[in-house]
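Novice: With our numbering, the residue at position 119 of the sequence shown is 535, and numbering never jumps.
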Amino acid sequence: MRIIPAIDVKDGRCVRLRQGDMAAETIYADDVTEVARKWEQSGASLIHVVDLNGAVDGEPKNLPEIQSILRSVKASIQVGGGIRSLETVRQYLNAGVSRVVLGTAALTNRMILEEACREFPHRILLGLDARDGRVAVKGWTSVSEVKAIGLLKEFSGCAIGAVIYTDIARDGMLSGPNLSALKGIVDCSPFPVIASGGITSLEDLRAVQSLGPQIEGAIVGKALYDGKLDYPEAMAAIGAHSTEAHHAN
Numbered sequence: 417m418r419i420i421p422a423i424d425v426k427d428g429r430c431v432r433l434r435q436g437d438m439a440a441e442t443i444y445a446d447d448v449t450e451v452a453r454k455w456e457q458s459g460a461s462l463i464h465v466v467d468l469n470g471a472v473d474g475e476p477k478n479l480p481e482i483q484s485i486l487r488s489v490k491a492s493i494q495v496g497g498g499i500r501s502l503e504t505v506r507q508y509l510n511a512g513v514s515r516v517v518l519g520t521a522a523l524t525n526r527m528i529l530e531e532a533c534r535e536f537p538h539r540i541l542l543g544l545d546a547r548d549g550r551v552a553v554k555g556w557t558s559v560s561e562v563k564a565i566g567l568l569k570e571f572s573g574c575a576i577g578a579v580i581y582t583d584i585a586r587d588g589m590l591s592g593p594n595l596s597a598l599k600g601i602v603d604c605s606p607f608p609v610i611a612s613g614g615i616t617s618l619e620d621l622r623a624v625q626s627l628g629p630q631i632e633g634a635i636v637g638k639a640l641y642d643g644k645l646d647y648p649e650a651m652a653a654i655g656a657h658s659t660e661a662h663h664a665n
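1) Quick test of your reading: I540 and V516, contact by CB under 8 angstroms. State the CB separation rounded to the nearest angstrom.
2) Could you check the C-alpha separation between R547 and V559 for me, to the nearest Å?
3) Please state the DSSP three-state secondary structure of G428.
4) Apply the 10 Å Cβ neighbour rule to E660 and answer buried if 16 or more other Cβ atoms are within range, or exposed otherwise.
5) Keeping to the same chain, check which residues put their C-beta closer than 7 angstroms to that of A521; ignore five residues upstream and five downstream.
6) Closest by CA to A471, which one among D545, S605, S488 and I419?
7) Let me know the beta strand (DSSP E) ranges lying completely inside the stretch 552-585, each 3 residues or longer, listed in chain order.
8) Within this structure, are the beta carbons of C533 and I576 separated by less than 8 angstroms?
9) Assuming A634 and I601 make a contact with CB atoms under 8 angstroms, what is their CB distance in whole Å?
10) Does DSSP put L627 in a helix, a strand or coil?
11) Quick one: is E619 buried, meaning 16 or more other Cβ sit within 10 Å of its Cβ, or exposed?
12) Would you mind giving the Cβ-Cβ distance between A460 and Y647, rounded to the nearest angstrom? I have them listed as a contact below 8 angstroms.
13) Could you say which of A653, V636, L433 and L645 lies nearest to M463 if we only look at CA atoms?
14) How big is the Cα-Cα spacing for D427 and V505?
15) Quick one: residues in its chain with C-beta nearer than 6 angstroms to the C-beta of S612, no 5 flanking neighbours on either side, listed in chain order?
16) Could you tell me the alpha carbon to alpha carbon distance between S658 and T616, rounded to whole angstroms?
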């Protein structure tokens, strides 16, 4: 299992939000590239970058900052937030991003995800951001009536690289992951699963890892930035190594 540091970019800076609330932000750094270098130097071979402005506006809004990260680190970069068209998928993947996350697009325009998977097999991640089991969209500003597990089953025939399951109520709250909801996703997913939201301690990481080999990784944000988790210590605790192979770009 990988531990994947998250860099959430808003107005060009590294921030963390509480439950996705754009008005409830903590600014951690003005230079997102330096943050990416820090995580790479700590041993991360994969970094999760979210364009928060893009997630709300529906198109890339922090592309220069993401391009700077790509130029500055050798670690693989996966990007989410505002990717709602094939053109944007191509733009990111052709720029050197390893994988892209489609969330809102999967719900509002199924054909985009299906075509993206055909064009870039296993480089598309399905982002399931859920509140009480229902899928949220548009930067979590709107919650649909669609069940996360139901949406996952709809795409079972696509060449999706992995599913990122985020429990919005836990995100940025340091309250621990929603293990029962995560297990429900793992049990019905034909794809590897990445856990996100609320992971705070070594115990949380071990609990996520205990759900089985289908768990590809855990995205961790606030706990790393607040010093509640030390990245090298966390990797050692779950038996990961900083020398693990990078994803091919």
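Where is the CB? At the ideal position from N, CA and C, for every residue including glycine.
Specialist: Concretely, from the data shown:
1) 6 angstroms between Cβ atoms; contact.
2) The alpha-carbon atoms of R547 and V559 are separated by roughly 7 angstroms.
3) Of the three classes helix, strand and coil, the one that applies to G428 here is coil, per DSSP.
4) Residue placement at E660 cannot be trusted, given a pLDDT of 40 that sits under 50; what the coordinates show is reported in the next sentence. Exposure of E660 is indicated by the presence of fewer than 16 other C-beta atoms within 10 angstroms of its C-beta.
5) So the qualifying residues of the chain are I499, R500, I528 and L529.
6) Its Cα nearest to that of A471, the residue D545 stands out among D545, S605, S488 and I419.
7) Within the stretch 552-585, the beta strand (DSSP E) runs of at least 3 residues that lie entirely inside it are, in chain order, 558-563 and 578-583.
8) Their beta carbons are under 8 angstroms apart, which means C533 touches I576 by this criterion.
9) Your pair A634 and I601 does not check out as a contact, with CB atoms roughly 13 angstroms apart and the cut at 8 angstroms.
10) L627: coil per DSSP, three-state reduction.
11) By the 10 Å Cβ count, E619 comes out exposed.
12) With a Cβ gap of about 7 angstroms, A460 and Y647 count as contacting.
13) The sequence shown places Ile at residue 463, rather than the Met named in the question. The shortest Cα separation from I463 among A653, V636, L433 and L645 belongs to V636.
14) In a straight line, the C-alpha of D427 is about 21 angstroms away from that of V505.
15) The answer, listed in chain order, is I580, T582 and I635.
16) For S658, the pLDDT reaches just 46, beneath the cut-off of 50, and the residue's location in the model is therefore unreliable, leaving the point undetermined.
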